[in-house]
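In what follows, a structure is listed as structure tokens, so that the remarks can point back to it.
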Amino acid sequence: MTNTRFTITLAQLNPTVGDIAGNAEKARKARAQAKADSADVVVLPELFIAGYPPEDLVLKPAFQMACRAEVEALARETADGGPAMLVGTPWVDGGKLYNACALLDGGRIAAIRFKVNLPNYGVFDEKRVFARGSVSGPVTIRGLRVGVPICEDTWMEESADYEDVVETLTETGAEILIVPNGSPYARGKNDLRLSVQVARVTESHLPLVYLNQVGGQDELVFDGASFVLNGDRSLAVQLPSFTENITTITFEKTNDVWRCSGPIAKLPKGDEGDYAACVLGLRDYVNKNGFPGVLMGISGGIDSALCAAIAVDALGADRVRGIMLPFRYTAQVSLDDADKLAKAFGFRYEILPIADAVNGFEKILAETFKGYERDITEENLQARTRGTLLMAVSNKTGAMVVTTGNKSEMSVGYATLYGDMNGGFNPIKDLYKTQVFRISTLRNSWKPEGAMGPDGEVIPNNIIIRPPTAELRENQTDQDSLPPYEILDAILERLVEREQPLSEIVADGFEKDVVTRIDRLLNIAEYKRRQAAPGVKVTRKNFGRDRRYPITNRFRDLAQPLPKPDEDLITRPGKGTSEAFE
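The sequence shown: position 189 = 188 (numbering that gives the first Met the number 0), numbered continuously.
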């Protein structure tokens, strides 16, 4: 390398948590491409060797040592004179476990940098497993001083213990910033990431390389969408989202300023981004856990139709199986629409009537239920029969059951435990019902890059326009039990994502009785959600990793104006004691 050129290979790759050898092999292949491109360094995402996030797996000494051994093996391979490697890994030093990034070059571990600012909000819990690193200066790669802040080290928090890593790197002579990340997808996240990193460039006047991982890990989906900013804040490179990508870029120095340019990919936004995340999340959950395929109940309704679309786009029609499970309340239109859906996508489809099983259960329970009126118990018996049959087919074939409840239903408990909630994964768990409608319409005119399903109208329009129904009794619709979904979802978004007090929601124009009822349903359904299958996170606050409420909980918001704190009740220094609030 001359002192006016520096070439970086960006390895936006999809690691698997715990597959240390497999992740290292991906790193080797990326380095081979970097070598072919005459790169100076190949950069891999945060904790790449372990896979991210490793959660409590990273606390196992055997896991820690296996990661270190693989990093040492990679380091020895850099003795060939090829590109250096920046790779994320857990690292034990002085008896403490760190989230680290190792520089491998010349056959050695040339430098190690530790993550300083550990996130402990939302889906992140790094303070629980990692020690905080100390702020360090840049590393030297082929003569260039490179700052390596790790993910949260570039996100400014309003907290006393936050340290400005970028400021330190700038003051100690960094010429370029390379930021390895494990940043999960959420709607609007790309714009947020870009604004945060632009702020770091504004402060430092340094070019910034933001490398993010891609792929699904349980409920999280990492969208990649890596980018490069020049020192003047201009976007120099934008890699695509939701797909692996290895791209080599070259910085050139003119008049003491480093600049580069490269490809600018168009990123899906809004509903397109959410759908692409659902597809990738399901694909990786199925493939990384070794399932041969999936099966699901096909009802002729919109939720199962959208899940079928996601499944075919993720896995291909040959790995998807649909089963219609009709009872006496199943309308002929549901049977017809389900058949059209299966034919449009080309997946295996069969009909298993459940009347004999339901009637058999009712016969068994007749004496036990004597003296009781028929009620929702008998309705739920239908759903539980369907769930049992789907799980039986899953046991026999090895295919995973996809469960199909949307976020609106999960919020208010409009689902049957051990019935339609049965399954291993739910790709629409974090999509409200109104979004299910929008995305179903969208899928008929668009599909994400790499989707394996057919083009064109694949979800029959009648499924989209027909009033939703669980078909558990005669002429039933969802709106018999719930407000219109436009109202329900607007209230739920305020309750779940924003945590708004009920009084504020009522002030926004919603009826007090409706808001209070929805809040009550949200609270009492917590025990169901604890037993629900995992599913893709796309909103700011999903059920599970983000929103963790106690099941046993007697607090209720009474929709009254919030009381104002009485500051006069607090004893402060100078008002009676020198110890209070010091």
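From the three backbone atoms N, C-alpha and C, an ideal C-beta is built for every residue, glycine too. Quantities reported herein were computed from a predicted structural model and do not represent experimental measurements.
Would you grab the beta carbon distance between residue i and residue j for me? Rounded to a whole angstrom, and I think it's under 8 angstroms.
| i | j | result |
| --- | --- | --- |
| Cys66 | Ala83 | Not quite, the Cβ-Cβ distance comes to about 19 angstroms (not below 8 angstroms), so this is no contact. |
| Gly292 | Arg318 | 3 angstroms |
| Ala307 | Met295 | 7 angstroms |
| Ile490 | Glu525 | At roughly 17 angstroms, the Cβ-Cβ gap does not stay under 8 angstroms, so Ile490 and Glu525 are not in contact. |
| Gly106 | Ala72 | So it is not a contact: roughly 11 angstroms between Cβ atoms. |
| Lys527 | Leu416 | 5 angstroms |
| Leu305 | Ile464 | Going by Cβ atoms, the distance from Leu305 to Ile464 rounds to 14 angstroms, so no, they are not a contact pair. |
| Asn595 | Pro44 | Here the chain comprises residues numbered 0 to 581, so residue 595 is not present and cannot be evaluated. |
Just verifying my parser: in three-state terms, what is the DSSP assignment at residue i?
| i | result |
| --- | --- |
| Phe580 | Confidence at Phe580 is low in this model, with a pLDDT of 48, below 50, so its placement is unreliable and the value that follows should be read with caution. Of the three classes helix, strand and coil, the one that applies to Phe580 here is coil, per DSSP. |
| Glu271 | helix |
| Tyr209 | strand |
| Gly17 | coil |
| Ile427 | coil |
| Ala83 | strand |
| Ala531 | coil |
| Leu584 | Nothing can be reported for residue 584: it is not among the residues displayed for the chain, which extend from 0 to 581. |
| Phe221 | strand |
| Val457 | coil |
| Val165 | helix |
| Val513 | helix |
| Ala10 | strand |
| Met0 | Because Met0 sits at a pLDDT of 44, beneath the cut-off of 50, its placement in the model cannot be relied upon, and the following sentence gives the value as read from the coordinates. Coil at Met0, not helix or strand. |
| Met409 | helix |
| Ile149 | coil |
| Met390 | helix |
| Leu583 | One cannot answer for residue 583 here, as it falls past the ends of the chain, which runs 0 to 581. |
| Asn244 | strand |
| Val70 | helix |
| Asp565 | coil |
| Leu294 | strand |
From the DSSP secondary-structure annotation, give me the bridge partner or partners of residue i.
| i | result |
| --- | --- |
| Tyr660 | Since the first residue of the chain shown is 0 and the last is 581, residue 660 is not available in this structure. |
| Phe226 | Tyr209, Gln237 |
| Trp154 | Paired residues: none, contrary to the question. |
| Arg75 | Bridge partners of Arg75: none, in fact. |
| Asp92 | Lys95 |
| Thr139 | Arg144 |
| Asp104 | Arg107 |
| Trp257 | Lys252 |
| Gly62 | The question names Gly, yet the displayed sequence has Phe at residue 62. Answer is none; Phe62 lacks a bridge partner. |
| Phe610 | The requested residue 610 does not occur in the structure, where the chain is confined to residues 0 to 581. |
| Arg546 | Phe542 |
| Phe113 | Ala99 |
Determine the closest residue to residue i out of the options, with distance taken between C-alpha atoms.
| i | options | result |
| --- | --- | --- |
| Ile140 | Thr167, Cys150, Leu102, Val134 | Leu102 |
| Pro206 | Gly142, Leu501, Phe5, Phe436 | Phe5 |
| Glu503 | Asp556, Ile375, Thr551, Asn522 | Asp556 |
| Lys25 | Asn244, Val138, Tyr328 | Asn244 |
| Lys126 | Tyr431, Gly142, Tyr97, Arg112 | Tyr97 |
| Val86 | Pro60, Asn443, Val40, Thr167 | Val40 |
| Tyr348 | Val392, Phe221, Phe326, Gly370 | Val392 |
| Glu251 | Asn2, Arg544, Glu510, Ile149 | Asn2 |
| Gly345 | Ala356, Asp454, Gln434 | Asp454 |
| Thr402 | Lys114, Gly321, Pro572 | Gly321 |
| Thr8 | Asp336, Ala398, Gly261 | Gly261 |
| Asp512 | Arg528, Ala558, Gly386, Leu334 | Ala558 |
| Ala271 | Val435, Glu456, Tyr548, Val197 | The amino acid occupying residue 271 in the given sequence is Glu; Ala does not appear at that position. The residue with the shortest Cα to Cα distance from Glu271 is Val435. |
| Lys34 | Ala398, Ala110, Val495, Asp104 | Asp104 |
| Asp429 | Ile111, Asp124, Tyr184 | Tyr184 |
| Met64 | Phe47, Glu45, Trp90, Pro44 | Trp90 |
| Arg497 | Lys540, Gly508, Thr468 | Lys540 |
| Ser298 | Asn286, Phe290, Cys277, Phe326 | Phe326 |
| Glu456 | Leu238, Lys342, Gly386, Gly132 | Lys342 |
| Arg192 | Gly230, Glu202, Thr153 | Thr153 |
Check whether the Cβ atoms of residue i and residue j lie closer than 8 angstroms to each other.
| i | j | result |
| --- | --- | --- |
| Ala365 | Asp419 | no |
| Val208 | Gln11 | no |
| Ile108 | Val147 | no |
| Ala130 | Lys95 | yes |
| Val128 | Asp55 | yes |
| Gly181 | Tyr284 | no |
| Phe241 | Ala275 | yes |
| Gly422 | Ala532 | yes |
| Glu174 | Arg144 | yes |
| Gly172 | Pro137 | yes |
| Ile309 | Leu281 | yes |
| Thr167 | Asp36 | no |
| Thr88 | Val70 | yes |
| Leu521 | Ser407 | no |
| Pro459 | Lys339 | yes |
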